[in-house]
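Visitor: Taken in sequence, the protein lines are chains A and B. The opening position of the first sequence corresponds to residue 22 in my numbering, with each subsequent residue numbered one higher. The opening position of the second sequence corresponds to residue 22 in my numbering, with each subsequent residue numbered one higher. Quick reminder that beta carbons are idealized off the backbone N, C-alpha and C, glycines included. A quick note: this is a predicted structure, and the numbers were derived from the prediction, not measured.
Protein chains: 2
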Amino acid sequence: MPSSTRLDHWLDIFQSSGCRLTPARLAVLEVVANSSTVLSPMQIFLAARNRAPRLGLVSVYRTLEILENLKLIQRVHQPDGCQGFINAASGHQHLLICVNCGRAVYFEGDDVTELAESLKEKFGFHILDHWLQFEGICRDCQSKNPSDPEKP
Amino acid sequence: MPSSTRLDHWLDIFQSSGCRLTPARLAVLEVVANSSTVLSPMQIFLAARNRAPRLGLVSVYRTLEILENLKLIQRVHQPDGCQGFINAASGHQHLLICVNCGRAVYFEGDDVTELAESLKEKFGFHILDHWLQFEGICRDCQSKNPSDPEKP
DNA sequence: GTAACTGCAAACGCTTTGCACCAAG
DNA sequence: CTTGGTGCAAAGCGTTTGCAGTTAC
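1) Considering only C-alpha positions, which residue in the set B:Ser80, B:His147, B:Gln36 and B:Phe144 is nearest to Ala48 of chain B?
2) If the cut is a Cβ gap below 9 Å, which residues of chain B does Ile65 of chain A touch?
3) Run through DSSP, which three-state label would Ala73 of chain B get?
4) Let me see if you follow: with CB-CB separation under 9 Å, is His147 of chain B close to chain A or not?
5) Taking a cut of 7 Å between CB atoms, which residues from the segment 133–160 of chain B lie near chain A?
6) Terminal residues of the continuous beta strand (DSSP E) containing Leu88 of chain B?
7) What does the alpha-carbon distance come out to for the pair Trp31 of chain B and Gly39 of chain B?
8) If we ignore side chains and look at the alpha-carbon of each, how far apart do Thr26 of chain B and Glu89 of chain B end up?
9) The ligand SAH and Arg124 of chain B: does the residue's C-beta get closer than 8 Å to at least one heavy atom of that ligand?
10) At a CB-CB cut-off below 8 Å, which residues of chain A make contact with Cys119 of chain B?
11) Put Phe155 of chain B into one of helix, strand or coil per three-state DSSP.
12) Measure the C-alpha to C-alpha separation of Asn108 of chain A and Ser164 of chain A and round it to an integer number of angstroms.
13) Are the beta-carbon atoms of Val133 of chain B and His151 of chain B separated by less than 9 Å?
14) Just to make sure I have the definition right: I need the residues of chain B whose C-beta is within less than 8 Å of the C-beta of Phe106 of chain A. Which are they?
15) Between the Cα of Leu93 of chain B and the Cα atoms of B:Arg160, B:Phe155, B:Ala137 and B:Glu51, which residue gives the shortest distance?
16) Over what stretch of residues does the beta strand (DSSP E) that includes Arg46 of chain B continue unbroken?
17) The alpha helix (DSSP H) spanning Cys162 of chain A covers which residue range?
18) Say whether chain A places a C-beta atom closer than 9 Å to the C-beta of Val126 of chain B.
19) Confirm, please, whether the CB-CB distance from Leu91 of chain A to Ile34 of chain A is below 9 Å.
20) Taking the beta carbon of Gln154 of chain B as the centre, do at least 16 other beta carbons fall within 10 Å, making it buried, or is it exposed?
21) Looking at chain A, is there any beta carbon in it that lies within less than 9 Å of the beta carbon of Gln163 of chain B?
22) In terms of DSSP beta bridges, what is Cys119 of chain A paired with?
23) Between the alpha carbons of Ala45 of chain B and His115 of chain B, how many angstroms are there, rounded?
24) Give the single residue among A:Arg160, A:Ser139 and A:Phe128 whose Cα lies nearest to the Cα of Val120 of chain A.
25) Taking the Cβ atom as the reference point for each residue, do Val59 of chain A and Val97 of chain A lie within a distance shorter than 9 Å?
26) Distance check for Leu136 of chain B and Glu129 of chain A, CA to CA, integer angstroms please.
27) Name the two residues that bound the continuous beta strand (DSSP E) containing Val59 of chain B.
28) Does any CB atom of chain A fall closer than 9 Å to the CB of Ser168 of chain B?
29) Quick one, are the C-beta atoms of Gly157 of chain B and Lys143 of chain A less than 9 Å apart?
30) DSSP three-state label for Pro35 of chain A, please.
31) Assuming the contact rule is C-beta atoms closer than 8 Å, Phe106 of chain A and Leu85 of chain A should be a hit. Round their C-beta distance to whole Å, please.
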């Protein structure tokens with residue numbers, strides 16, 4: 022899905038779920054919808070403040086909470102701490118993340134549902150959710166200086 | 022591996038890596054080595070304080086850091102926040118966690134390495150690490166009151 | 001007009017650090 | 001004896017909350 026279409030889609034869902042569209046929220050939505058990398062609340066704040074100079078960090082947190090509830094973004098857990106967010110591909114949570122630049126790629130991995138089924142039988146667990154994440158270095162970062170961070 | 026053997030194993034590695042064995046550290050090691058559930062630093066602190074009454078929370082953090090570096094425990098990321106720790110099965114990071122009681126089960130999932138290989142070809146990523154985690158309700162918790170927490 | 005939303009500042013909780021004392025080896 | 005480890009207290013940091021003013025609808 023192209024970024025512009027995604028933003029329209031988000032605005033649609035956002036408004037029809039009863040949320041008011043304000044400059045602060047629009048700025049956050051634009052930043053997150055147009056990014057294909059994992060972003061921290063602070064990164065989102067800094068980027069969104071260019072579009073809405075009076076923006077406060079608090080509004081970023083509150084908007085992210087709404088977006089997470091609407092399933093428009095998903096939380097990404099990283100080796101160190103964990104408050105990264107990325108726009109959520111429909112239904113999938115299988116991510117490939119570059120530890121150098123933060124770029125993220127969704128991929129298909131339907132064999133996971135088979136695995137879930139066998140776990141259910143084997144251990145008697147009722148499976149609610151799963152999480153598959155790969156970390157590595159993307160092609161671009163491999164060809165550059167490995168210690169050159171390229172966060173957007 | 023039985024818990025007692027694991028503790029011995031840990032003490033072995035711990036000491037031969039140059040770390041001194043103190044009452045505080047022993048208490049933390051005993052608690053974590055003998056548990057098969059995901060534990061937060063605070064839970065570990067409370068349990069370990071029974072064995073070493075003068076224990077400080079700070080020592081728990083410091084000991085966990087050492088254990089993580091020695092790969093004896095692994096960090097578990099949970100939907101909400103993420104500072105859970107569990108003793109690490111050798112080489113495997115595939116976990117099945119009960120969201121009710123915290124019990125964790127390691128399982129085999131070697132198909133993940135195949136998947137990693139295909140991702141490498143498809144997207145050009147150099148894969149460094151992966152993470153597969155299932156969340157659900159274990160058999161015991163299914164048969165009990167679902168809202169009855171049973172944290173150890 | 002009104003309820004939802006805002007930014008600010010302060011509170012909060014978890015984690016880390018500085019330090020003087022202590023004990024493992 | 002020496003160096004690494006301890007607990008305490010305080011600092012640090014990211015996140016959340018209370019609030020009075022503001023704005024989308």
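Guide: In brief:
1) B:Ser80
2) Within 9 Å Cβ-Cβ: nothing; Ile65 of chain A doesn't reach chain B, min ~19 Å.
3) coil
4) Yes, His147 of chain B counts as interfacial toward chain A.
5) Leu136, Ala137, Leu140, Phe144, Gly145, Phe146, His147, Ile148, Leu149, Asp150, His151, Trp152, Leu153, Gln154, Phe155, Glu156, Gly157, Ile158, Cys159 and Arg160
6) No beta strand (DSSP E) holds Leu88 of chain B; the alpha helix (DSSP H) holding it covers Leu78 to Asn90.
7) Straight-line Cα distance between these residues: approximately 13 Å.
8) 19 Å
9) This structure simply doesn't include the ligand SAH, nor any ligand for that matter.
10) Phe146
11) strand
12) 27 Å
13) yes
14) Simply none; closest approach about 14 Å.
15) B:Glu51
16) In the DSSP assignment, Arg46 of chain B falls outside any beta strand (DSSP E) and lies within the alpha helix (DSSP H) extending over Pro44 to Ala54.
17) Arg160 to Ser164
18) yes
19) yes
20) buried
21) yes
22) A:Gly157
23) For Ala45 of chain B and His115 of chain B, the distance between alpha carbons rounds to 30 Å.
24) Residue A:Arg160 is the option with its Cα nearest to Val120 of chain A.
25) yes
26) 10 Å
27) Counting along the chain, Val59 of chain B falls outside any beta strand (DSSP E), and DSSP gives it neither H nor E.
28) Residue placement at Ser168 of chain B is flagged as unreliable, the pLDDT there being 48, under the threshold of 50; a coordinate-derived value is accordingly withheld.
29) In this structure, the beta-carbon distance from Gly157 of chain B to Lys143 of chain A does not fall below 9 Å.
30) Going by the sequence as given, residue 35 of chain A is Phe instead of Pro. Judged by DSSP in its simplified three-state form, Phe35 of chain A adopts helix.
31) Phe106 of chain A to Leu85 of chain A, Cβ: 6 Å. Contact.
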